[in-house]
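K.L.:
No gaps in the numbering here: position 36 of the sequence shown is 35 in numbering that gives the first Met the number 0, and each next residue is one more.
One structure is given below, represented as structure tokens, and several questions about it will come after.
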Amino acid sequence: MTNIIELIAKNIESGDREESVANVNIALAANIKPEEIMNNGLIEGMNVLGERWKRNEVFVPEVLIAARALTSALEILRPLLEKSGVKPKGKALIGTVKGDLHDIGKNLVKMMLVGSGFEVIDMGVDVSGEQFVEGINKESPDIILLSALLTTTMPQQGEIINALKEANVRDKVKVMVGGAPVTKAFAENIGADAYTPDAASAAEKAIEFVTNKQ
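What follows is the structure, given as structure tokens:
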């Protein structure tokens with residue numbers, strides 16, 4: 000039944016929600032393990048899409064459609080994965096910083112993280128340092144990701160890192176920053192652990208962080 004797994008990967012890559020769901024159910028009926036469907040089907044499909052995105056072969060609309068297919072397939076697999084004791088690769092807390100209401104970039108990164116096997120807690124938009132501190136204390140994530148689309152809200156990424164330091168939780172997490180005006184130099188200046196230019200790269204860096212932590 001290897002072909003059905005390959006087909007699921009292609010369904011995710013192309014954003015075909017109905018076929019993704021149908022083929023996940025076919026794979027389960029054939030007694031293929033949920034973990035194999037997740038790793039070699041869903042995650043593989045997202046990996047291929049992520050590489051195509053970095054090569055500018057697909058754009059935001061295609062990725063958002065793929066996210067919809069991924070979400071629907073995951074709704075079927077998640078309870079089975081939990082029941083079988085399969086743990087996420089890591090846990091991430093994500094949000095758009097205080098004063099910024101843009102969420103498309105954040106949502107793309109979230110989707111790539113979920114597609115890479117992470118548990119993701121979405122804090123939403125207009126999120127303050129205090130809220131991130133609360134989230135870290137409550138959820139114990141491995142990584143937090145701060146999004147900013149406006150040059151006027153970029154400084155909030157640094158303010159949030161300062162808030163983490165004041166609350167003595169900075170050392171508990173890796174901090175990743177991103178957004179249209181953000182640069183690697185800016186990220187280094189505010190003390191972030193990483194800057195990535197796109198959602199696919201963010202997922203790759205997050206995997207690197209949790210892999211090195213183990």
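C-beta atoms are modelled at their ideal positions from N, C-alpha and C, and glycine is treated no differently.
All of these numbers come straight from a predicted model, not from anything done at the bench.
1. Here's the rule: buried if 16 or more other CB atoms are within 10 angstroms of the residue's CB, otherwise exposed. What is ASN167?
2. Please check the pair ASP99 and PHE208, which I expect to be a contact at CB under 8 Å, by giving their CB distance rounded to whole angstroms.
3. Just to check my reading of the structure: ILE75 and VAL23 have Cβ atoms closer than 8 Å, yes? What is that Cβ distance to the nearest angstrom?
4. DSSP has ILE142 in a bridge; who is on the other side?
5. Considering only DSSP beta bridges, list what ASP121 is partnered with.
6. Of all the options ALA68, LYS53, THR70, which has the alpha carbon lying nearest to the alpha carbon of PRO196?
7. Tell me which residue opens and which closes the alpha helix (DSSP H) that ARG77 is part of.
8. Exposed or buried, what is ALA193 when buried is set at 16 or more other beta-carbons lying within 10 Å of its beta-carbon?
9. Note the first and the last residue of the continuous alpha helix (DSSP H) segment covering THR210.
10. Would you kindly work out how many angstroms separate the C-alpha atoms of GLU165 and ASN30, rounded to a whole number?
11. Would you call the CB atoms of PHE131 and MET153 closer than 8 Å?
12. Check whether the Cβ atoms of ALA68 and ILE11 sit closer than 8 Å, and answer yes or no.
13. DSSP state of VAL126, grouped into three classes?
14. Using CA atoms only, rank isn't needed, just tell me which of ALA198, THR210, LYS212, ALA91 is closest to GLU50.
15. For the alpha helix (DSSP H) that SER19 lies in, which residues bound it at each end?
16. Less than 6 Å between C-beta atoms, sequence neighbours within five positions excluded: which residues of the same chain meet that for ARG169?
P.N.:
Let's see:
1. One-based indexing of the sequence shown puts residue 167 at position 168. Exposed.
2. Residue mapping note: residue 99 aligns to position 100 of the sequence shown, counting from 1. Residue mapping note: residue 208 aligns to position 209 of the sequence shown, counting from 1. Going by Cβ atoms, the distance from ASP99 to PHE208 rounds to 24 Å, so no, they are not a contact pair.
3. For the purposes of this step, residue 75 is taken as the residue at position 76 of the sequence shown. For the purposes of this step, residue 23 is taken as the residue at position 24 of the sequence shown. The Cβ separation is near 5 Å, so the contact holds.
4. The residue you call residue 142 lines up with position 143 of the sequence shown. Partner(s): ALA91, LYS173.
5. On the sequence shown, residue 121 is found 122 positions in, with the first residue counted as 1. ILE93.
6. Taking the sequence shown and counting its residues from 1, one reaches residue 196 at position 197. Out of ALA68, LYS53, THR70, LYS53 has the C-alpha closest to the C-alpha of PRO196.
7. Mapped onto the sequence shown, residue 77 falls at position 78. Where ARG77 is concerned, the enclosing alpha helix (DSSP H) stretches over 59-82.
8. Position 194 of the sequence shown holds residue 193. ALA193 is buried by the Cβ-count criterion.
9. Position 211 of the sequence shown holds residue 210. Taken as a continuous stretch (DSSP letters only), the alpha helix (DSSP H) holding THR210 covers 198-212.
10. What you label residue 165 is simply residue 166 of the sequence shown in a count that begins at 1. What you label residue 30 is simply residue 31 of the sequence shown in a count that begins at 1. Distance between the alpha carbons of GLU165 and ASN30 is about 51 Å.
11. The residue given as residue 131 occupies position 132 in the sequence shown. The residue given as residue 153 occupies position 154 in the sequence shown. Taking 8 Å as the Cβ cut-off, PHE131 and MET153 do not qualify as a contacting pair.
12. Taking the sequence shown and counting its residues from 1, the one referred to as residue 68 is at position 69. Taking the sequence shown and counting its residues from 1, the one referred to as residue 11 is at position 12. Yes. Within cutoff.
13. One-based indexing of the sequence shown puts residue 126 at position 127. Reduced to three states, the DSSP call for VAL126 is strand.
14. The residue given as residue 50 occupies position 51 in the sequence shown. Of the listed residues, the one whose Cα sits closest to GLU50 is ALA198.
15. As a working note, residue 19 is residue 20 in the sequence shown. Start and end: 16-28.
16. Here residue 169 refers to the residue found at position 170 of the sequence shown. Around ARG169: LEU163.
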